[in-house]
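A.B. asks:
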Amino acid sequence: METTYRDAIAELETILRALETDTVDVDELTARVQRSAQLIRLCKQKLRTAEDAIDRVFENLDQDEDDSLADDEPGIQAPAPAPAPKRASRTPRDTGGGLLF
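For reference, each letter of the sequence shown is one residue, going 9 to 109 in this note's numbering.
(1) Whose C-beta lies closer than 6 angstroms to the C-beta of I23 among residues of the same chain, with five residues either side of it excluded?
(2) Taking only the alpha-carbon atoms, compute the straight-line gap between D70 and Q42 and give it to the nearest angstrom.
(3) Can you have a look at L37 and say buried or exposed, based on whether 16 or more other CB atoms are within 10 angstroms of its CB?
(4) Measure the Cβ-Cβ separation of A26 and V32 and say whether it is below 7 angstroms.
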């Protein structure tokens, strides 16, 4: 079964709490840090995928709007679409749970 974003965040929070309370021995520390890195990569990938899907939806909406404008006015060409606004770079985001990645 695929790990969901929510499950990954919950597991990261659990690992963080254990690390903060110093209940993790050295042997477990490496494994937990490695698992955290896997979960962070998974979350970043899921965020990128969601962002790309949302961008495609808005691009399609803009295209549909442009097409309908061109259809409404025979002989009049729809204006070229305005450039998309610049998005924030894909840098670590605060998930609200105190974890940054």
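Backbone N, C-alpha and C define an ideal beta-carbon position, used for all residues, glycine too.
C.D. replies: The short version:
(1) R40 and S44
(2) 42 angstroms
(3) exposed
(4) yes
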